[in-house]
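FYI, the numbering for the sequence shown is 1 to 304, going by the UniProt record's numbering. Backbone N, C-alpha and C define an ideal beta-carbon position, used for all residues, glycine too. Model, not experiment: these values are computed from the prediction.
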Amino acid sequence: MTDETGRRSYVVGQTEIPARPLEPALYLVATPIGNLADITLRALETLAAADIVACEDTRVSRVLLDRYGIRRRTTAYHEHNAGEAGPKLIAALQGGQSVALISDAGTPLVSDPGYRLVGEAIDHGIRVVPIPGPSAPLAALTASGLPSDAFLFAGFLPVKVGQRLTRLEALKAVPATLIFFESPRRLAESLGAMVEALGGERKAAIGRELTKTFEEMRTGTLRALADHYAAADTPKGEIVVCVGPADAKADEPADIDRLLLSLAAEMPASKAASEAAKMTGGQKQALYRRLLELRDTSGEGDGG
1 MTDETGRRSY VVGQTEIPAR PLEPALYLVA TPIGNLADIT LRALETLAAA
51 DIVACEDTRV SRVLLDRYGI RRRTTAYHEH NAGEAGPKLI AALQGGQSVA
101 LISDAGTPLV SDPGYRLVGE AIDHGIRVVP IPGPSAPLAA LTASGLPSDA
151 FLFAGFLPVK VGQRLTRLEA LKAVPATLIF FESPRRLAES LGAMVEALGG
201 ERKAAIGREL TKTFEEMRTG TLRALADHYA AADTPKGEIV VCVGPADAKA
251 DEPADIDRLL LSLAAEMPAS KAASEAAKMT GGQKQALYRR LLELRDTSGE
301 GDGG
């Protein structure tokens with residue numbers, strides 16, 4: 001809230017709490033992914049004290065702000081207006097104001113254009129402050145039962161079939177749990193593609209409506225999950241897909257060859273070898289030589 005004197009505050013239960021002043025900076029504030037009670041006290045104070053709250057959708061964010069009695073100026077910042085809204089926010093920051101950036105749900109910059117604003121802020125010497133909290137990928141990972149010592153968040157898969165398979169093929173040898181966002185209407189199709197590209201026996205988990213009333217975690221092999229959703233009605237809600245890492249046999253020569261060729265279809269040979277080295281732990285020079293051998297065998301030239 002803001003009273004007649006301009007004092008800023010937030011409300012927890014029946015208690016109104018004054019918000020301490022913020023230093024001029026860009027604050028990246030994580031917000032609940034479903035259950036509004038998951039907000040942190042630091043996040044509430046930051047939102048209440050900020051001069052500007054930049055939201056992915058001001059209508060969605062207003063529900064959260066109203067719940068905690070926060071009456072702050074909000075402005076829209078999303079992928080469709082980033083080019084126009086970003087410079088205005090930078091100007092406000094340069095003018096000594098504080099800006100809190102939030103997404104519709106979860107941690108800002110995860111599958112949203114906030115990284116552009118952060119990059120611009122850093123380029124202008126503006127301080128960037130993370131206010132950690134809820135994250136859908138981490139929530140799904142911790143409840144999935146899959147290895148969490150190494151994981152890769154891969155966002156949304158491409159919509160087109162060929163591009164989706166190419167992307168999955170490139171991820172096949174990554175020695176980590178893979179985490180994807182997916183829309184309900186494409187879930188069954190994407191799981192089928194994962195079976196084709198990654199193998200049906202990998203362990204996987206589907207997190208749906210996490211932290212909400214109808215939260216669901218469904219686990220099993222990729223093939224079993226693909227079969228289930230192919231036969232079921234289209235699910236509802238936000239969905240996170242976690243896929244366990246491949247067994248050691250995924251690093252057999254044939255698999256590495258497929259990875260090299262898949263990467264080389266999208267980038268120069270030298271870069272493909274470098275990416276394959278990161279994914280497999282192999283040596284870049286050896287992988288580069290192997291890629292050239294594969295191209296010689298197939299009659300393709302070197303793309304650099």
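Beta-carbon contacts of residue 143 that lie in its chain and below 6 Å, excluding the five residues immediately before and after
Numbered from 1 along the sequence shown, position 143 holds the residue referred to as residue 143. The answer, listed in chain order, is 217.
Mind checking residue 296: buried by the 16 CB within 10 Å criterion, or exposed?
Within the sequence shown, residue 296 is the residue found at index 296, counting from 1. The residue is exposed, with fewer than 16 neighbouring Cβ atoms inside 10 Å.
Could you check whether residue 114 and residue 332 sit closer than 8 Å to each other, using their CB atoms as the reference points?
Residue coverage of the chain in this structure runs from 1 to 304, which leaves residue 332 outside it and unanswerable.
Would you report the Cα separation of residue 267 and residue 280, rounded to the nearest angstrom?
On the sequence shown, residue 267 is found 267 positions in, with the first residue counted as 1. On the sequence shown, residue 280 is found 280 positions in, with the first residue counted as 1. Residue 267 and residue 280: Cα-Cα distance of roughly 17 Å.
Alpha carbon of residue 238 to alpha carbon of residue 200, nearest angstrom:
As a working mapping, residue 238 is identified with position 238 in the sequence shown. As a working mapping, residue 200 is identified with position 200 in the sequence shown. About 23 Å.
Cβ contact (3+ pairs, closer than 8 Å) linking the stretch 109-123 and the stretch 12-19
no
Reduced DSSP secondary structure (H/G/I, E/B, other) of residue 182
Here residue 182 refers to the residue found at position 182 when the sequence shown is read from its first residue. Shown here, residue 182 sits in a strand according to DSSP, grouped into three states.
Just to check my reading of the structure: residue 33 and residue 134 have Cβ atoms closer than 8 Å, yes? What is that Cβ distance to the nearest angstrom?
Residue mapping note: residue 33 aligns to position 33 of the sequence shown, counting from 1. Residue mapping note: residue 134 aligns to position 134 of the sequence shown, counting from 1. Their Cβ separation, rounded to whole angstroms, is 5 Å, which keeps residue 33 and residue 134 in contact under 8 Å.
Tell me whether residue 176 sits in a helix, a strand or coil according to DSSP, three-state version.
Taking the sequence shown and counting its residues from 1, one reaches residue 176 at position 176. In this structure, residue 176 counts as coil in the three-state DSSP scheme.
Coil, strand or helix - residue 110 by DSSP
In the sequence shown, the residue the question calls residue 110 occupies position 110. Residue state, collapsed to three classes: coil.
Exposure label - residue 137; buried when at least 16 CB within 10 Å
One-based indexing of the sequence shown puts residue 137 at position 137. By the neighbour-count rule (16 or more Cβ atoms within 10 Å), residue 137 is buried.
If contacts are defined as beta-carbon pairs under 8 Å, then residue 179 and residue 141 qualify, I think. What distance do you get, rounded to the angstrom?
Taking the sequence shown and counting its residues from 1, the one referred to as residue 179 is at position 179. Taking the sequence shown and counting its residues from 1, the one referred to as residue 141 is at position 141. Yes, residue 179 and residue 141 are in contact; Cβ-Cβ is about 6 Å, under 8 Å.
For the beta strand (DSSP E) containing residue 203, name the first residue and the last one.
Mapped onto the sequence shown, residue 203 falls at position 203. Where residue 203 is concerned, the enclosing beta strand (DSSP E) stretches over 203-208.
Would you mind sorting residue 151 into buried or exposed? The rule is 16 or more other CB atoms within 10 Å of its CB.
Counted from its first residue, the sequence shown places residue 151 at position 151. Of the other Cβ atoms in all chains shown, 16 or more fall within 10 Å of the Cβ of residue 151; this residue is therefore buried.
Could you check where the alpha helix (DSSP H) with residue 12 kicks off and where it finishes?
What you label residue 12 is simply residue 12 of the sequence shown in a count that begins at 1. First-last for residue 12: 9-12, but that is the beta strand (DSSP E), not the alpha helix (DSSP H).
N-terminal and C-terminal residue of the alpha helix (DSSP H) that residue 218 is part of:
Here the question's residue 218 lines up with position 218 in the sequence shown. Note, residue 218: premise wrong, no alpha helix (DSSP H); beta strand (DSSP E) at 216-221.
Backbone CA spacing between residue 212 and residue 36 [nearest angstrom]
The residue given as residue 212 occupies position 212 in the sequence shown. The residue given as residue 36 occupies position 36 in the sequence shown. Each residue's Cα considered, the two are about 9 Å apart.
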